[in-house]
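Written below as structure tokens is the structure these notes are about.
Chains as they are written, first to last, in our numbering: chain A, 1 to 365; chain B, 1001 to 1347; chain C, 2001 to 2248; chain D, 3001 to 3407.
Next up, the structure:
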């Protein structure tokens, strides 16, 4: 009975498995061992690989460790200083984020008296659901979780869920600053979501489909950023706003409202909410790379086989995020009313222009 | 649950936890006094505390280290305690600066509290202010403590043996000479070469008794009843703001001297002139009319004098303590409030 | 001088954006780094930096000047074979009024300034601990100095370690001794005699004369060879008739 | 249809009672009845110094701000009455340690004016250099705090990097990075070597070069301009009425600088400009100080190039400070009377009043009115009607430093 189920599963996994010539001998060896083989097959099963390994969760964790360190290091470099170093001098302090993470993990997590206790604890964990859902739809070459021609629309829809959890976090905290932060988050949400969605729609018009495969294929010659530079710009700016990075770090604004919705969080729970914005940034950048920078188009090495596409996508994403990280040391924070004014006037106007370009180009192509 | 907590705190994960805490000592943003300037230097590009894993961060909940930067006043002591209690375990406190250790130069002030009596302190850093190196040394010592489990001073003295002697019969007197019955004269006439002042002085004689006390300084005495009208007349002359409100306590004559130092920004000739509009009130019932509606700039200065001397400025909207804490002694600047005296001989 | 007006035109705005981005990328590529990596290297401060105070016991004349000038009352004299100052670092503000007040140069400043203590009691440094420089925890492998030219400011790193030195400046004050300016005003209260830590003042009985005529018997104070010129008696005298005089 | 009145019970939050609000209970209740919101900013808040601001907002607009100062009130005036005149020198510079020379100068000048001490020329020039170094240091400090308040961390780091040079210059000249206690009645504590002066001269150019980077990345940053311009405007009339001082007064268009109005030390012998602006907004306040930094650099250079030879302390006091400090300064007695000096500290007019009874060697009364305390009222007024997010921007543009205000 169990054997049969295992065999069926094995068949399912093997029929849709990542082909990586480089590690093929190792895989072949592991396949001979019972029980391990089903695990290996599962890992190499394309949907699973896309969601859990690459570009999904595993590299997401790696990316988190990297980006926190890199951002601090880059900021420090621009600011005439060194940044994290002594924790591991030979590798320039690259495991600083790990130390901070461990410290948060082992610190007491306080739930204060005035908080709505269940929500206060649940929401940081619930917030991961809208983060994880889009990953299932983001393809990387052959590796894809759920293949659908409406993937881009779905990703955008799931991304829109994240601010709701942040607002809920602020509500559950029951603190003055958390309240102000939640209100700001809600205002910002409307402000960036409209130009963002219009910019994405313009690209969908341009490619004629919401299917990432079509989008990437159409960019094989010219990347989307050149086809529709205005949509590119609008997407970039709304991405900064959506992930509350400077100069739009308004809902969290630590000097004004003390991290806004996250003011009362401590210990592990704060660790969870702190990485929320980074994760959102990761997903949005994946979408950004697919829409504007040619997705997984790029190098192809024979020995890597199917791994080429996810690797290429991941590298592009990390490079883009690393470049975006410089903004942190460049700008001060805008005020909420200024941001709203910019986004409801200039950004929406630009996104309309982008939509026009998208429609026209889509019709020509 | 308790077993789990125990397991997390010690157990096999202990060394990992220790390592994480050691390299991630984040001081909370609680600036308590002026040593904050050197703290900023230690975390700015000159020294960069982030190198050794200490990142200055905003809110108590997300940090694990308090660096008490100097003086803790009675008002601030409460805040320090609240901040410390808001912080999740494990948490540490480093005190920098002489004021935070034992009061430093303010050791006998009426408004200071020792932080070591408010929260448990790991390390003390002397200096006023300590150099950034000293602060980083404190953080390093804390890291070493987390590593080894025992706190160590950063320096060891090489002691030499000396025998104790016997105290002499008479100890040297204090160098301070304080008059027992001081006579306070605010307006001491001085002959200066200041033509405009003499003219101005003549004009001011219509308001009260005007005396030139130095170049650009005129003392103008009025009676208590005439204070407001005098201020009005000064305002008409072009004087538009108050630079200082001062009260001098003269207990042996049973009076307070209340001074308003009035000057002008809008009239160019009057800019350097400082008119000391003063009056005397009884020490038993210290009451004087406020000038805060004529000169809004006098408002906070009057509130402060209300705190310090208990002089009631009738007409000032503020009642109650403004600058002092609820538990500060009453009217500390009156002469009958005495401070602890110095001692020059130790044991 | 009026400050310049900032243009509000979008083009100027754009130019400022470009400036910011340029500067940030320039720093990211070639950073003007100025960080002193403290535990690993020590910054060389000038010799006159006011740090830990060192006492040369052989020079100390127990004059109490350091204790009495201290604005924070951090110095207290303790009695051993003589009165010696001890610095309470829980109060010391490193103003070094004491060092400047010391007439013999017994107190001197070192440029040791990075200290951390675990308890307040250990910070009350006694005279017995002040004689030599303490040994400190040192993790430095090199030293750094600020090097400034008209063009720029750089950090100069040197292999040799910074030595923690004591800057000893001997004041140009000749040895002094107390003497009585107006013996006839002496009250005979013996305050000077009792306060003297060196037992240098003695009272001698003598005849009081007025106009060459002996009118009675009294005593007169005499400063002996033991006097080191600390001036305690001068400050103690209620009649202010004592003074310090330089001796050849 | 009939209108039905709904009485919604409004209860102010309970935690406000335990936080020792200095405002009356009615005020809190009134706020909640009118659908306003009370926000307590500070003292443990990343965007506040050592003080608490009780902010009443309606929506995002600030209705009123009530300051709750005194978190750093260290009883300086009382202590000064209990110390020797000379022992007060380290004490009076503690309100603003980054501005120590100016604070020392004010107090020492009050003693000098009382005792008619003539200060030698060289000492005057040295004092001017120290005062201007401290002024640059303070302006940079305030710029850094302003930058971090509006979220620009690079703008925080650069001034503090430049400040290291100022600290090094002060350490070389006086022996301490911050609290120099170097200015004493009659002159300075020690002569400064030619080598050190050359170093300071070179450092002024190095500072200027680094300031260019700072200008590009922060001063002229579009986000900085957006945050500060037209924010917290104080008109000329308001600034005069509320008695604002120093660069903040000059930013509102009043040409008042104690260094010009009542010159002291070497300010008459060097050429420099008084910096003013008309706008009176946060950005003008910031720019005035930025321009003052370059004026100060010019003053330092002129002082060093035209530094006269001679004594560093007046012959009325002593020949050499070293070793004589207690004997010559320990027993100063001022003649009876009241002596007031005005000094232009970095943040504005600093007033010292010493009252002496003519017999004691401790002052009878020392009144210290610091610039921070004087412009607090104007600061509070300028917040009205602005947005909550502007609180920090205005705070930073005033460079409010609570230890200085509270003394």
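Don't be surprised by glycine CBs; every beta carbon is placed ideally from N, CA and C.
query: If you pair each beta-carbon of the segment 2134 to 2148 of chain C with each one of the segment 3198 to 3210 of chain D, do three or more pairs fall below 8 Å?
result: Contact holds between the segment 2134 to 2148 of chain C and the segment 3198 to 3210 of chain D, because three or more Cβ pairs, one in each stretch, are under 8 Å apart.
message: Give me the subset of the segment 1175 to 1199 of chain B whose CB atoms are less than 7 Å from a CB atom of chain D, sorted by chain position.
response: Taking a C-beta cut-off of 7 Å against chain D, the contacting residues of the segment 1175 to 1199 of chain B are 1175, 1176, 1177, 1178, 1179, 1182, 1183, 1184, 1185, 1186 and 1188, listed in chain order.
query: Going by other Cβ atoms of all chains shown within 10 Å of its Cβ, with 16 needed for buried, is residue 2206 (chain C) buried or exposed?
result: Start at 1 with the first residue of the third chain, and residue 2206 (chain C) comes out as number 206. Looking at its Cβ environment, which holds fewer than 16 other Cβ atoms inside 10 Å, residue 2206 (chain C) is exposed.
query: Given that residue 207 (chain A) touches chain D, what residues does it touch there, using C-beta distances under 9 Å?
result: Locating residue 207 (chain A) in the first chain gives position 207, where the first residue counts as 1. Those do not exist, as residue 207 (chain A) stays about 34 Å from chain D at its closest Cβ, beyond 9 Å.
Pick from B:1161, B:1113, B:1289 and B:1011 that is closest to residue 2131 (chain C), judged by C-alpha positions: As a first step, residue 2131 (chain C) must be located in the third chain, where it is residue number 131. Nearest Cα to residue 2131 (chain C) within the set B:1161, B:1113, B:1289 and B:1011: B:1161.
Where residue 2038 (chain C) falls: helix, strand or coil (DSSP): Here the question's residue 2038 (chain C) lines up with position 38 in the third chain. In the three-state reduction of the DSSP assignment, residue 2038 (chain C) falls in the coil class, being assigned neither a helical nor a strand state.
query: Which two residues bound the contiguous alpha helix (DSSP H) that contains residue 274 (chain A)?
result: In the first chain, residue 274 (chain A) corresponds to position 274, counting from 1. Here the alpha helix (DSSP H) through residue 274 (chain A) covers 267 to 292.
task: Say whether chain D places a C-beta atom closer than 9 Å to the C-beta of residue 366 (chain A).
output: Any question about residue 366 (chain A) goes unanswered here, given that chain A covers just 1 to 365.
- prompt: Which residues, taken in chain order from the segment 3335 to 3369 of chain D, show a beta carbon closer than 8 Å to some beta carbon of chain B?
  reply: Of all residues in the segment 3335 to 3369 of chain D, 3335, 3336, 3337, 3338, 3339, 3340, 3342, 3349, 3351, 3353, 3355, 3357, 3358, 3359, 3360, 3361, 3362, 3364, 3365, 3367 and 3369 have a Cβ within less than 8 Å of some Cβ in chain B.
field: Assigned exposure category for residue 1014 (chain B) - 16 Cβ within 10 Å defines buried
entry: For the purposes of this step, residue 1014 (chain B) is identified with residue 14 of the second chain, where counting begins at 1. The residue is exposed, with fewer than 16 neighbouring Cβ atoms inside 10 Å.
- prompt: Can you name, in chain order, every residue of its own chain whose Cβ lies under 7 Å from the Cβ of residue 3057 (chain D), other than the five neighbours on each side?
  reply: Position 57 of the fourth chain, counting from 1, holds the residue named residue 3057 (chain D). Within the same chain, residue 3057 (chain D) has close Cβ partners 3036, 3037, 3039, 3063 and 3388.
message: Does residue 1332 (chain B) pass the burial test, meaning 16 or more other C-beta atoms within 10 Å, or should it be called exposed?
response: Working through the second chain from its first residue, we reach residue 1332 (chain B) at position 332. So residue 1332 (chain B) counts as buried.
message: Counting only C-beta atoms, is residue 3044 (chain D) closer than 9 Å to chain B at any point?
response: One-based indexing of the fourth chain puts residue 3044 (chain D) at position 44. Answer yes: the Cβ-Cβ gap between residue 3044 (chain D) and chain B drops below 9 Å somewhere.
message: Please identify the residue among D:3205, D:3097, D:3171 and D:3218 whose C-alpha is closest to the C-alpha of residue 2019 (chain C).
response: Your numbering for residue 2019 (chain C) matches position 19 in the third chain. The shortest Cα separation from residue 2019 (chain C) among D:3205, D:3097, D:3171 and D:3218 belongs to D:3218.
task: Could you tell me whether the segment 1119 to 1137 of chain B touches the segment 2031 to 2039 of chain C, using the rule of 3 or more Cβ pairs below 8 Å?
output: Yes, the segment 1119 to 1137 of chain B is in contact with the segment 2031 to 2039 of chain C.
task: Give the C-beta separation of residue 1054 (chain B) and residue 1025 (chain B) to the nearest angstrom, bearing in mind that I take them to be a contact with Cβ-Cβ under 8 Å.
output: On the second chain, position 54 is the one that residue 1054 (chain B) refers to. On the second chain, position 25 is the one that residue 1025 (chain B) refers to. That belief holds up - the Cβ atoms of residue 1054 (chain B) and residue 1025 (chain B) are roughly 5 Å apart, short of 8 Å.
- prompt: Taking the alpha-carbon positions, what's the residue 1020 (chain B) to residue 54 (chain A) distance?
  reply: Taking the second chain and counting its residues from 1, one reaches residue 1020 (chain B) at position 20. Taking the first chain and counting its residues from 1, one reaches residue 54 (chain A) at position 54. As the crow flies, the alpha-carbon of residue 1020 (chain B) is around 28 Å from that of residue 54 (chain A).
- request: Identify whether residue 3023 (chain D) lies in helix, strand or coil by the three-state DSSP scheme.
  value: Along the fourth chain, one-based indexing puts residue 3023 (chain D) at 23. In this structure, residue 3023 (chain D) counts as coil in the three-state DSSP scheme.
task: Can you give me, in chain order, the residues of the segment 65 to 92 of chain A that have a beta carbon less than 7 Å from any beta carbon in chain C?
output: Residues of the segment 65 to 92 of chain A that bring their beta carbon within less than 7 Å of a beta carbon in chain C comprise 74, 77, 78, 80, 81 and 82, in sequence order.
Rounded straight-line distance, which links the Cα of residue 3091 (chain D) to that of residue 256 (chain A): For this step, residue 256 (chain A) is matched to residue 256 along the first chain. For this step, residue 3091 (chain D) is matched to residue 91 along the fourth chain. Computed Cα separation, rounded: 34 Å.
message: Please state the DSSP three-state secondary structure of residue 328 (chain A).
response: In the first chain, counting from the first residue as 1, residue 328 (chain A) sits at position 328. Here residue 328 (chain A) sits in helix by DSSP.
- prompt: Taking the alpha carbon of residue 3223 (chain D) as the point to measure from, which residue in D:3401, D:3149 and D:3107 has its own alpha carbon closest?
  reply: The sequence position of residue 3223 (chain D) within the fourth chain is 223, counting from 1. Across the set D:3401, D:3149 and D:3107, the C-alpha of D:3149 shows the shortest separation from the C-alpha of residue 3223 (chain D).
task: Using a Cβ cut-off of 9 Å (strictly closer), state whether residue 3152 (chain D) contacts chain B.
output: The residue labelled residue 3152 (chain D) in the question sits at position 152 within the fourth chain. No, because no Cβ of chain B sits closer than 9 Å to the Cβ of residue 3152 (chain D).
message: Run through chain A and tell me which residues come within less than 8 Å of residue 2021 (chain C), C-beta to C-beta.
response: The sequence position of residue 2021 (chain C) within the third chain is 21, counting from 1. Those within 8 Å of residue 2021 (chain C) in chain A are 330.
C-beta neighbour in chain D for residue 250 (chain A), strict 9 Å: Taking the first chain and counting its residues from 1, one reaches residue 250 (chain A) at position 250. Among the CB atoms of chain D, one or more fall inside 9 Å of the CB of residue 250 (chain A).
task: Say whether chain C places a C-beta atom closer than 9 Å to the C-beta of residue 1024 (chain B).
output: Your numbering for residue 1024 (chain B) matches position 24 in the second chain. Not one chain C Cβ lies under 9 Å of residue 1024 (chain B).
message: List, in chain order, every chain A residue whose beta-carbon is nearer than 9 Å to that of residue 2027 (chain C).
response: Mapped onto the third chain, residue 2027 (chain C) falls at position 27. By Cβ distance, chain A contributes 77, 78, 79, 80 and 329.
- prompt: Which value, in whole angstroms, describes the spacing of the CA atoms of residue 1023 (chain B) and residue 252 (chain A)?
  reply: As a first step, residue 1023 (chain B) is located in the second chain; it is residue number 23 there, counting from the start. As a first step, residue 252 (chain A) is located in the first chain; it is residue number 252 there, counting from the start. C-alpha separation (whole angstroms): 25 Å.
field: Contacts of residue 255 (chain A) in chain D (Cβ-Cβ under 8 Å)
entry: As a working note, residue 255 (chain A) is residue 255 in the first chain. Listed along the chain, the chain D residues whose CB falls inside 8 Å of the CB of residue 255 (chain A) are 3046, 3047, 3148, 3149, 3150, 3151 and 3392.
- prompt: If you measure from the beta carbon of residue 1096 (chain B) to each beta carbon in chain D, is any gap under 9 Å?
  reply: In the second chain, counting from the first residue as 1, residue 1096 (chain B) sits at position 96. Residue contact check for residue 1096 (chain B) against chain D: no CB pair falls below 9 Å.
query: Of all Cβ atoms in chain B, is any one closer than 9 Å to the Cβ of residue 2103 (chain C)?
result: Residue mapping note: residue 2103 (chain C) aligns to position 103 of the third chain, counting from 1. The beta carbon of residue 2103 (chain C) sits no closer than 9 Å to any beta carbon of chain B.
- request: Compute the Euclidean distance between the alpha carbons of residue 72 (chain A) and residue 3176 (chain D), then round it to the nearest angstrom.
  value: The residue given as residue 72 (chain A) occupies position 72 in the first chain. The residue given as residue 3176 (chain D) occupies position 176 in the fourth chain. Going by the C-alpha atoms only, they are around 32 Å apart.
query: residue 2127 (chain C) and residue 2089 (chain C) look like a contact to me (Cβ under 8 Å); what is the Cβ gap, rounded to whole Å?
result: As a first step, residue 2127 (chain C) must be located in the third chain, where it is residue number 127. As a first step, residue 2089 (chain C) must be located in the third chain, where it is residue number 89. Not really, about 14 Å apart at Cβ, beyond 8 Å.
message: So with CB distances below 9 Å, who are the chain D contacts of residue 979 (chain B)?
response: Look at the range of chain B in this structure, 1001 to 1347, and you will see that residue 979 (chain B) is not part of it.
- request: Check the Cβ-Cβ distances between residue 2054 (chain C) and every residue of chain D, and say whether any is below 9 Å.
  value: In the third chain, counting from the first residue as 1, residue 2054 (chain C) sits at position 54. False, the Cβ-Cβ gap to chain D never drops below 9 Å.
message: Could you tell me the alpha carbon to alpha carbon distance between residue 124 (chain A) and residue 272 (chain A), rounded to whole angstroms?
response: Numbered from 1 along the first chain, position 124 holds the residue referred to as residue 124 (chain A). Numbered from 1 along the first chain, position 272 holds the residue referred to as residue 272 (chain A). Between residue 124 (chain A) and residue 272 (chain A), the alpha-carbon positions lie close to 6 Å from each other.
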